[in-house]
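Trainee:
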Amino acid sequence: MRIYSSLGGEKSEFVPLKAGEVSMYVCGITPYSASHLGHGVAAIRFEMIRRCLSYSGFSIRFVQGLTNVDDKLIARGKETGTSPRAIAEACTAEYVELLTALGIEAPDANPDVISHIPAIVQYVQELIERGYAYATSEGNVYFDVRRKEGYGKLSGRSIDELLEGVRVAPGEDKRDPLDFALWKRDDHEEMSWESPWGRGRPGWHIECSVMSDVHLGQQIDIHCGGLDLIFPHHENEIAQCEAHNGCSFANYWIHSGLLTIEGRKMSKSLGNLVTLKEAVQLYGGEFIKFVVLKHHYRSDINLSNELFSDNLNHFLKFVQALRCEGEGRESEWSRELEDSFHSAIADDFHTPLALVALSDALDTAERLISDKATEEDGVGLLGKIRSLLNVLGLFTSSVAGEDQVNILLRVQARLLEVSPLSEGEVKGLIEERRLARAERDFRRADEIRDVLLKNGIKVMDSQTGPTKWMFELPSKE
């Protein structure tokens with residue numbers, strides 16, 4: 503298996519620190535408001551990586567941190583007159599509920615900052631003792647960036663280059679503009695704690711260093727996060743951990759591409775922020791995962807109505823085919839699919855190629871099932887397709903196929919601004935049209951066809967089998 507690491511910028515053969523065991527840390531959310539779709543995209547991608555590593559024979563220890571101490575939480579508390587801790591707890595509970603709706607497994611550990619305050623204080627004190635940090639008379643503690651050799655190696659920039667974009671904020675008492683806070687003086691009733699430097703709270707970056715150290719050890723195999731975290735967050739994590747532990751921190755840095763909505767960066771100020779809850783209600787968790795995984799995890803995604811529309815038929819094809827029951831039998835087609843799938847995910851988790859292989863295999867399975875002599879091979883191939891989709895994190899939830907189709911019908915109806923039909927209604931209209939054609943009532947048959955087309959549904963008649971349907975996609979002219 504070859505994995506691309508942002509540290510070094512190339513693919514290399516994946517070798518875990520311990521044979522067969524993989525430690526994986528992911529920066530989690532800051533729960534100060536409702537989780538947005540970008541949180542869901544990252545979760546889908548890192549869940550896929552976790553599953554693919556497990557499929558490849560590794561035992562995974564997956565830890566995701568939670569930043570429940572932060573300036574944004576304090577600010578939100580002041581805005582709303584609500585306890586910051588209560589806000590964090592409510593937003594975290596909603597996030598966990600939505601991940602469940604997406605069929606994403608809980609991490610092996612989900613540590614939070616508040617639970618690790620004593621460990622953070624000790625870690626900061628040890629950085630001071632090792633000469634990499636200093637306390638000020640104001641009660642703040644900063645990391646001395648120029649003391650750490652190699653700072654900037656993840657972002658690929660020198661200290662002088664980084665310095666150009668940094669300014670010291672009014673009232674800051676650090677020695678150098680690049681130095682960053684490990685401990686910040688504060689006397690907030692809920693968000694501050696006693697320390698050797700006075701009452702305060704942790705800086706942003708120290709938390710992940712401490713939580714990964716506590717739950718995974720001083721060195722880890724894989725550290726994940728969004729591309730926007732490379733600098734300063736991940737750069738500062740590396741500096742802290744290497745300074746504290748005297749060894750390298752993470753062997754592989756895996757960064758997820760970013761999300762735009764209709765071509766623009768998602769933000770509340772632009773009015774295009776889509777919460778994760780809204781997205782699941784609009785598109786369904788399974789369909790969102792499918793669309794996300796059709797993009798490589800390192801690529802940016804422009805999620806738009808057009809993108810979802812373009813994928814309606816591809817997803818429908820899988821949903822309808824996977825309703826087939828039965829065990830079937832192992833065949834050369836199943837073995838060929840497994841080889842193609844494994845080659846794709848072994849090449850830096852190339853899910854777009856894996857889905858192409860699965861889609862081609864679906865066509866083969868349908869052809870095999872149509873022939874009595876090879877029907878069992880086709881059913882067996884469908885079983886293999888289903889299990890490999892599960893490896894990617896697809897179709898693992900208990901949502902029935904009919905419900906999935908109804909979600910797609912609602913998506914299409916919303917795009918066309920018409921009232922949605924249910925799958926049962928579509929089937930009923932198709933059967934009514936079949937009977938009308940059999941009775942040579944072509945006027946009624948055409949009327950039904952037009953009703954379906956108005957709802958974005960195209961009927962495909964067959965001389966040899968049952969009538970099928972698909973979504974009629976709008977013209978792009």
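Sequential numbering from 503 applies to the sequence shown in this note's numbering.
Note that CB positions come from ideal geometry on N, CA and C, so glycine has one too.
#1: Going by Cα to Cα distance, which pick from K686, D952, L718, A846 is closest to D705?
#2: Between the Cα of G759 and those of Q914, S801, I732, spot the shortest distance and give me the residue it belongs to.
#3: Would you kindly check if the distance between the Cβ of L684 and the Cβ of V643 is under 7 Å?
#4: Between K770 and A781, what straight-line distance do the alpha-carbon atoms span, to the nearest angstrom?
#5: Please state the DSSP three-state secondary structure of W835.
#6: Could you work out which residue in K960, M768, D646 is closest to Y634 when comparing CA atoms only?
#7: Return the CA-CA distance between W699 and D614, expressed in angstroms with no decimal places.
#8: Run through the region 579–620 for me and flag every whole alpha helix (DSSP H) of 4 or more residues, listed as ranges in chain order.
#9: Output the boundary residues of the beta strand (DSSP E) element that contains C726.
#10: Given that a residue counts as buried once 16 or more other Cβ atoms are within 10 Å of its Cβ, and exposed if not, what is Q742?
#11: Can you tell me whether F516 is buried or exposed, with buried defined as 16 or more other CB within 10 angstroms of its CB?
#12: Rounded to the nearest angstrom, how far is the Cβ of Y625 from that of H746, given a contact under 8 Å?
#13: Using DSSP with H/G/I as helix, E/B as strand and the rest coil, what is D812?
#14: May I ask you to report which of helix, strand or coil DSSP gives I932?
#15: Which word fits V821, buried or exposed, when buried means at least 16 other C-beta atoms lie within 10 angstroms of its C-beta?
#16: Helix, strand or coil for V571, going by three-state DSSP, please let me know.
#17: How is L896 classed by DSSP in three states: helix, strand or coil?
#18: Going by the CB atoms, is the gap between Y557 and H725 shorter than 7 Å?
#19: Give the DSSP bridge partners of T853, in chain order.
#20: Determine the closest residue to T594 out of H538, V623, I630, with distance taken between C-alpha atoms.
#21: Quick one: using the 10 Å Cβ neighbour count with 16 as the cut-off for buried, is L814 buried or exposed?
#22: With H, G and I counted as helix, E and B as strand and the rest as coil, what does DSSP make of F817?
#23: For K676, report the span of its alpha helix (DSSP H) as first-last.
#24: Helix, strand or coil: which one does DSSP assign to K767?
#25: Any contact of the region 835–845 with the region 790–799, i.e. 3+ C-beta pairs under 8 Å?
#26: Look at the alpha carbon of R452 and the alpha carbon of R563, and state the distance between them as a whole number of angstroms.
#27: Contact between the region 906–924 and the region 951–960 is defined here as three or more beta-carbon pairs at a separation below 8 Å; is this criterion met?
#28: When you compare only the Cα positions, how much space is there between S694 and Q720?
#29: Under three-state DSSP, which class holds T876?
#30: Please name the residue or residues paired with I756 in a DSSP beta bridge.
#31: Does the distance from the C-beta atom of S657 to that of F733 stay below 7 Å?
#32: Look up G542 in the DSSP assignment and say whether it is helix, strand or coil.
#33: Mind checking whether L931 and I950 have CB atoms under 7 Å apart?
#34: Just verifying my parser: in three-state terms, what is the DSSP assignment at T777?
#35: Less than 6 Å separating the Cβ of E523 from some heavy atom of the ligand COA?
#36: Quick one: what's got a C-beta closer than 8 Å to R578's C-beta in the same chain, skipping five residues either side?
Mentor: So, from the data block:
#1: What you label residue 705 is simply residue 203 of the sequence shown in a count that begins at 1. The question names Asp, yet the displayed sequence has Gly at residue 705. The shortest C-alpha separation from G705 is found at K686.
#2: Residue 759 sits at position 257 when you count from the first residue of the sequence shown. It is S801 whose Cα lies nearest to the Cα of G759.
#3: Residue numbering aside, residue 643 sits at position 141 when the sequence shown is read from its first letter. Residue numbering aside, residue 684 sits at position 182 when the sequence shown is read from its first letter. Their beta carbons are under 7 Å apart, which means V643 touches L684 by this criterion.
#4: In the sequence shown, counting from the first residue as 1, residue 770 sits at position 268. In the sequence shown, counting from the first residue as 1, residue 781 sits at position 279. Spanning the two alpha carbons is a distance of roughly 15 Å.
#5: As a working note, residue 835 is residue 333 in the sequence shown. Of the three classes helix, strand and coil, the one that applies to W835 here is helix, per DSSP.
#6: Along the sequence shown, read from residue 1 onward, the residue named residue 634 stands at position 132. Selected option, being the one with the closest Cα: D646.
#7: As a working mapping, residue 699 is identified with position 197 in the sequence shown. As a working mapping, residue 614 is identified with position 112 in the sequence shown. C-alpha separation (whole angstroms): 22 Å.
#8: 586–603
#9: On the sequence shown, residue 726 is found 224 positions in, with the first residue counted as 1. Where C726 is concerned, the enclosing beta strand (DSSP E) stretches over 722–728.
#10: One-based indexing of the sequence shown puts residue 742 at position 240. Per the 10 Å Cβ criterion, buried.
#11: Sequence index remark: in the sequence shown, residue 516 carries index 14 (1-based). With 16 or more Cβ atoms within 10 Å of its Cβ, F516 is classed as buried.
#12: Working through the sequence shown from its first residue, we reach residue 625 at position 123. Working through the sequence shown from its first residue, we reach residue 746 at position 244. Indeed they touch by this definition, with Cβ atoms about 6 Å apart.
#13: On the sequence shown, position 310 is the one that residue 812 refers to. Helix at D812.
#14: Against the sequence shown, residue 932 aligns to sequence position 430. Three-state DSSP puts I932 in a helix.
#15: Counted from its first residue, the sequence shown places residue 821 at position 319. By the neighbour-count criterion, in which a residue is buried when 16 or more other Cβ atoms sit within 10 angstroms of its Cβ, V821 is buried.
#16: One-based indexing of the sequence shown puts residue 571 at position 69. Three-state result, V571: coil.
#17: Within the sequence shown, residue 896 is the residue found at index 394, counting from 1. In the three-state reduction of the DSSP assignment, L896 falls in the coil class.
#18: Within the sequence shown, numbered from 1, the residue matching residue 725 stands at position 223. Within the sequence shown, numbered from 1, the residue matching residue 557 stands at position 55. Not a contact, by the Cβ cut-off of 7 Å.
#19: Taking the first residue of the sequence shown as 1, we reach residue 853 at position 351. None; T853 has no bridge partner.
#20: As a first step, residue 594 is located in the sequence shown; it is residue number 92 there, counting from the start. Per the Cα distances, H538.
#21: Here residue 814 is taken as the residue at index 312 of the sequence shown, counted from 1. So L814 counts as buried.
#22: Taking the sequence shown and counting its residues from 1, the one referred to as residue 817 is at position 315. Helix.
#23: The residue labelled residue 676 in the question sits at position 174 within the sequence shown. Run containing K676: none; DSSP gives neither H nor E here.
#24: Locating residue 767 in the sequence shown gives position 265, counting from the first residue. If DSSP states are grouped into helix, strand and coil, K767 belongs with the strands.
#25: no
#26: Outside the shown range of the chain (503 to 979) lies residue 452, about which nothing can therefore be said.
#27: Contact check between the region 906–924 and the region 951–960: three or more CB pairs, one atom from each, fall below 8 Å, which counts as touching.
#28: If you number the sequence shown from 1, residue 694 lands on position 192. If you number the sequence shown from 1, residue 720 lands on position 218. Approximately 27 Å, taken between the alpha carbons.
#29: The residue given as residue 876 occupies position 374 in the sequence shown. The answer is helix: DSSP assigns T876 an H, G or I state.
#30: Residue mapping note: residue 756 aligns to position 254 of the sequence shown, counting from 1. DSSP, once it has assigned bridges, lists C726 as partnering I756.
#31: As a first step, residue 657 must be located in the sequence shown, where it is residue number 155. As a first step, residue 733 must be located in the sequence shown, where it is residue number 231. Going by C-beta atoms, S657 is nearer than 7 Å to F733.
#32: Along the sequence shown, one-based indexing puts residue 542 at 40. In this structure, G542 counts as helix in the three-state DSSP scheme.
#33: The residue given as residue 931 occupies position 429 in the sequence shown. The residue given as residue 950 occupies position 448 in the sequence shown. Cβ atoms of L931 and I950: closer than 7 Å.
#34: Translated into positions along the sequence shown, residue 777 becomes position 275. Looking at T777 - three-state DSSP - the assignment turns out to be strand.
#35: Absence of the ligand COA is noted for the structure shown, with no ligands found whatsoever.
#36: Along the sequence shown, read from residue 1 onward, the residue named residue 578 stands at position 76. Within the same chain, Y534, S535, T584, P586, I589 come within 8 Å of R578 by CB-CB distance, once the 5 residues on both sides are set aside.
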